[in-house]
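Novice: One structure coming up, written as structure tokens, with questions to follow.
2 protein chains.
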Amino acid sequence: MTQKLAGGCLFAQSGGPTSVINASAYGVIKTSLETPEITHVYGASHGIMGILGDTLYDLGKEDPQELSLLLNTPSSALGSCRYKIKDRSDLDRLYEVFQKHNIRYFFYNGGNDSMDTCLKVDDYLHEVGYECRVIGVPKTIDNDLDGTDHCPGYGSAAKYIATTVAEVYHDSIVYDTGTITIIEIMGRNAGWLTGASALAELSGAPPDLIYLPEIPFDMGYFLYKTESMYKAKNNCLVAVSEGIRYPGGSLVSDAKPSATDGFGHAQLGGLAATLSDIVKQRTGAKVRGIELSLLQRCGAHLASQTDIDEAFLAGKSAVECAVAGETGKMVAFEREQGSGGGNNGGSGNIGESGSVNTGNTAAIDAAANTGATAIGTGQYKCNVVLRPLAICANSEKTVPREWINETGTYVTQDFIDYALPLIQGENTRALENGLPRFAQLKKELVT
Amino acid sequence: MTQKLAGGCLFAQSGGPTSVINASAYGVIKTSLETPEITHVYGASHGIMGILGDTLYDLGKEDPQELSLLLNTPSSALGSCRYKIKDRSDLDRLYEVFQKHNIRYFFYNGGNDSMDTCLKVDDYLHEVGYECRVIGVPKTIDNDLDGTDHCPGYGSAAKYIATTVAEVYHDSIVYDTGTITIIEIMGRNAGWLTGASALAELSGAPPDLIYLPEIPFDMGYFLYKTESMYKAKNNCLVAVSEGIRYPGGSLVSDAKPSATDGFGHAQLGGLAATLSDIVKQRTGAKVRGIELSLLQRCGAHLASQTDIDEAFLAGKSAVECAVAGETGKMVAFEREQGSGGGNNGGSGNIGESGSVNTGNTAAIDAAANTGATAIGTGQYKCNVVLRPLAICANSEKTVPREWINETGTYVTQDFIDYALPLIQGENTRALENGLPRFAQLKKELVT
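Chain order of the listed sequences is A and B. Just so we're aligned, residue 1 is where the first sequence starts under our numbering, counting upward by one. Just so we're aligned, residue 1001 is where the second sequence starts under our numbering, counting upward by one.
What follows is the structure, encoded as structure tokens:
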């Protein structure tokens, strides 16, 4: 039996935002505020940067009603960063701030890089003998985190993409003159988001061709397929991942190598325009390139209620597990076999189950105040489990080859079965004047 | 008293699609099918092209349930075209087809150019002594049609733009490092859509600067304002119209003059990328350009229920007015004074009121099967009136100078008061598998 640990909780958000990252924040904050062992609940401004700079908000001073609006507020409400811990001096400083505020629970919400940060913090605190429970809360629209069936943020982005593709499909077929439309979707190395465009099938409005970064890109074959489809149908709708690369490894988008984000990734974009130009030259057709850009990661009005519920549950479970004694873990989802798609959870070791093992019903209960009335297809069920951070950090889960068709131009039914349950449920967001009513936090600084 | 006119009805859609153009289609089709004088209801494939080619669908053979789904199906369900009537031989051919199918009611759904087509058809048929009632049903996201307070299609695009800008605002402020975000919005010569970005104010997430095509663009001042705002706030969100031009008249987007659409307009796009490059060079900041592209005109999931109701009402009223004896007119909206924004209806003659003079309550009744429960702010009221086609054809209504601030960098409260009622009401669209269930018409050809 783990000893009870009393002290403060610190929560921080990292990496690119999602439509539901704040639902996880709400899960952490609400549960922490309700937990007797947790004496105070702080949030860091801009992730690790806010900890290093000791810029912390006292979340106990927020209005509970405003906090609940986090369930439907996109992007990182506390601010994010792309800072990676440089060296031991960063960890020393972090430790200083933890001691100063008696932080005994640390929850970090992010993707692969953030799980790496989590791991370093946990290792360090263990080494110096400072008792603090460190749990990673997953988030990424890219769905490329290892060790979990899927990741909060993905379902909503997938719903946004599938809905948008279905709408653009209808727009792209209206003229008698024909059109080729190329939609650029996020995903540097993993095609989960781009593959979600295939879900538009269920709306009777699918793309004709889908190009994922998992398959080396053959420009000649792409042009041949696109032109053939256009000639046969008078229209062609193509979904491409921003991260497609030639067999040699260079990006088709030909990103300027100088433009990089804080983690050293090439900053992508402009692929739709580039491909459109090439296709136009080849076919003479009217070609339109559309980049979904930030819209796919902040389109909270189309967030899937399943995703919101699960994001909330991930945050809630993180606190419950930490209080129960866990540390150095990431909250993950494990899909029950035969429940809407194969289990693509862990390519590494199977982590130990946490103290919370909760199916969908519990997820709905947990997020009852969201007004959710339906979740998934009725067959889908995911349980919360814990994975060692070491599994999840710095590895990327890509779409299995067998979920992509032989020619590398579409996804298979397995992919659709996997992704479809994740986009279920319409969220009931608060509105004022016909526009979203997002959370407005006071963000009172800790003095 | 006008004599009763029995015969067939022909409906066609033209120009760029909108989120609610099919709601007008449903208004025309449903009302025609219920009208005893109207013996058969045909739809043209791809607008005027389908008439010239005698490619007509028998809409009486459609399943009523599928037809009702048109209320929430974006883009032109019958297909559209950008064909302009060339000469008298086109009109001769059209007359031939009308005679062949005993068409006595012709409803054309489109923008300025389509109203011009309508006018030509009406004049011609009058000249040859063929009795046929011709009514234009307005549609354009651009809201640039003269003679009407606003145009079906605008409210939904405005709601999409305001919601998206509010979401992007939240995404654009998450990093401590700061960002400049430039959002490109449609509108060649009129800034109605770009101005709608200001509605995000009501969500607490407005753009900092708004550039409309009505004001000659000063690059130096734009760079100065953007940089100042960025330095002061660490962030800057700019909404720009695709149609902004330098004082000399050339487009800032520097569109290739060879790329034109069927009406001879320059095909725009790429402005966000162009401005982003320039701003990045000037400021050294992280700059992101986002083009809303087709999404703003097909994002039916965010269609305003007010707009859907009014689009339906426009179609329904067209049929009712034609049956009552009207011809050569366009259905228009006239806002009651003091009801949510100034009346910016007619810059030309005030047209005669039609036989239908219906406020919002009737609009809700008319579209009762949409499940609408709320419309506007409770103060807004628009009546259906008829305008002579001659007023509406080929003139563009732009944003009044006094609705733009002095420096040309934002819109005034008058603009917001005008646009806000038009985005009210959440639509209750049909869903299947968490995705839109759009109308699937059989489109049985008339033989």
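Backbone N, C-alpha and C fix where the C-beta goes; we use that ideal spot for every residue, glycine too.
1) Taking beta-carbon pairs under 8 Å, can you tell me which members of the region 1158-1177 of chain B lie near chain A?
2) From T283(A) to L1251(B), what distance separates their C-alpha atoms?
3) Scan the region 1379-1431 of chain B and note each continuous alpha helix (DSSP H) run of 4 residues or more that stays entirely inside, going in chain order.
4) Can a CB atom of chain B be found closer than 8 Å to the CB of S448(A)?
5) Report the rounded CA-to-CA distance for S114(A) versus D87(A), giving the unit in angstroms.
6) Using a Cβ-Cβ cut-off of 8 Å, state whether N433(A) counts as contacting chain B.
7) Please name the residue or residues paired with G8(A) in a DSSP beta bridge.
8) Measuring straight from C-alpha to C-alpha, what distance separates P400(A) and A205(A)?
9) Taking K120(A) as the reference, give the member of L441(A), T327(A), D414(A) and E444(A) with the closest Cα.
10) C236(A) bridges to which residues according to DSSP?
11) With H, G and I counted as helix, E and B as strand and the rest as coil, what does DSSP make of A1200(B)?
12) Determine the chain A residues that contact P1074(B) at a beta-carbon separation under 8 Å, and present them in chain order.
13) Using Cβ-Cβ distances below 7 Å, what residues of the region 1009-1036 of chain B are close to chain A?
14) Can you find a CB in chain B that lies within less than 8 Å of the CB of G408(A)?
15) Could you give the distance in angstroms between the alpha-carbon of S228(A) and the alpha-carbon of P1017(B)?
16) Can you find the residues in the same chain that come closer than 6 Å, C-beta to C-beta, to G434(A), ignoring five residues on each side of it along the sequence?
17) Within this structure, are the beta carbons of T1148(B) and R1297(B) separated by less than 8 Å?
18) List the residues that DSSP assigns as beta-bridge partners of K1329(B).
19) So which residues on chain B does G79(A) lean against when the C-beta distance must stay under 8 Å?
20) What does M1186(B) reach in chain A if we use C-beta pairs closer than 8 Å?
21) For E1502(B), which of helix, strand or coil comes out of DSSP?
22) Can you check whether the C-beta of Q1424(B) is within less than 8 Å of a C-beta belonging to chain A?
23) Using 8 Å as the limit for Cβ to Cβ distance, is N427(A) near chain B?
24) Which word fits T1370(B), buried or exposed, when buried means at least 16 other C-beta atoms lie within 10 angstroms of its C-beta?
25) Residue range of the alpha helix (DSSP H) that R1297(B) falls in?
26) Taking the beta carbon of A44(A) as the centre, do at least 16 other beta carbons fall within 10 Å, making it buried, or is it exposed?
27) Counting only the same chain and skipping the five closest in sequence on each side, list residues whose C-beta sits under 7 Å from that of H46(A).
28) Under 8 Å, with one C-beta from each stretch per pair, do the region 152-166 of chain A and the region 193-210 of chain A reach the 3-pair mark?
29) Could you name the residues of the same chain whose beta carbon sits closer than 6 Å to that of K1286(B), not counting the 5 residues immediately before and after it, in chain order?
30) Assign D1254(B) to buried or exposed, taking buried as 16 or more other Cβ atoms, counted over all protein chains shown, within 10 Å of its Cβ.
31) In this structure, does DSSP put Q337(A) in helix, strand or coil?
32) State the start and end residues of the unbroken alpha helix (DSSP H) segment that holds V279(A).
33) Based on DSSP bridge pairs, tell me the residues matched to L1251(B).
34) Taking only beta-carbon atoms, is F438(A) less than 8 Å away from chain B?
35) So G1111(B) is in the alpha helix (DSSP H); what residue range does that whole segment cover?
36) Taking the beta strand (DSSP E) that E1310(B) belongs to, which residues open and close that run?
Specialist: Taking the coordinates as given:
1) K1159, A1162, T1163, T1164, A1166, E1167, V1168, H1170, D1171, S1172, I1173, V1174, Y1175, D1176 and T1177
2) 27 Å
3) 1389-1392 and 1413-1419
4) With chain A running from 1 to 447 in the structure shown, residue 448(A) is simply not present.
5) 15 Å
6) yes
7) H40(A) and I103(A)
8) 25 Å
9) T327(A)
10) I180(A)
11) helix
12) E167, H170 and D171
13) P1017
14) no
15) 26 Å
16) none
17) no
18) I1135(B) and P1388(B)
19) I1173, V1174, Y1175 and D1176
20) Within chain A, no residue comes near M1186(B); the closest Cβ sits about 12 Å away, beyond 8 Å.
21) An answer regarding residue 1502(B) cannot be provided, because it is not within the stretch 1001 to 1447 covered by chain B.
22) yes
23) no
24) Since pLDDT at T1370(B) reaches only 35, below the 50 mark, its modelled position is unreliable, and the value read off the structure follows with that caveat. When all chains shown are included, T1370(B) counts as buried.
25) L1295 to C1298
26) buried
27) G79, S80 and C81
28) yes
29) T1179
30) exposed
31) coil
32) L271 to T283
33) R1245(B)
34) yes
35) Looking at the DSSP string, G1111(B) is not in any alpha helix (DSSP H), and its letter there is neither H nor E.
36) Per DSSP, E1310(B) belongs to no beta strand (DSSP E); it is in the alpha helix (DSSP H), Q1305 to V1323.
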